[in-house]
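Residue numbers (this note's numbering): 2 to 120.
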């Protein structure tokens, strides 16, 4: 099962939109090509469409691959922007992914200096 609270989970967000008709094989291919790695244990790949009103998650739990999808009834996801030209992905912390999925605008957000991840 996908545990968003798991500290070892590596989350990669594709910055380019993708065709939401893709599923297991198509998303795995995108992850390998654009993210530079195949979906491995404890890696979660996040994709959106051009309109940014749908998200798909690709996750391998060690026994099989999960694909989860979310479609917003209204509005758009606040998608991260590349910090440099040619950047195709970013890595997120689990807390940031949860905020993204909950509709929080992450642009301009930063951690407070006193914040420490629970160990």
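Ideal placement from N, C-alpha and C gives every residue a C-beta, glycine not left out.
Discussion item. Please state whether the Cβ-Cβ distance between residue 17 and residue 72 is less than 8 Å.
Written reply: Against a cut-off of 8 Å, the Cβ pair of residue 72 and residue 17 comes out as no contact.
Practice prompt. Answer with buried or exposed for residue 49, where buried requires no fewer than 16 other C-beta atoms within 10 angstroms of its C-beta.
Written response: buried
Fill in: Touch test, the stretch 72-88 against the stretch 49-61, Cβ-Cβ under 8 Å, three pairs minimum
yes
Worksheet entry | Helix, strand or coil at residue 78 according to DSSP, with G and I counted as helix | coil
Worksheet item: Between the C-alpha atoms of residue 2 and residue 62, what's the straight-line distance to the nearest angstrom?
Response: Only weak support exists for where residue 2 lies, its pLDDT of 46 falling under 50; the value from the coordinates is given anyway. Computed Cα separation, rounded: 7 Å.
Practice prompt. Assign residue 25 to one of two classes, buried (16 or more other C-beta atoms within 10 Å of its C-beta) or exposed (fewer than that).
Written response: exposed
Worksheet item: DSSP on residue 95, reduced to helix/strand/coil?
Response: helix
Worksheet item: Short check: CB of residue 98 to CB of residue 47, under 8 Å?
Response: yes
Worksheet item: CA-CA distance, residue 105 and residue 94?
Response: 14 Å
Item to complete: Go ahead and pull the three-state DSSP assignment for residue 86.
Response: coil
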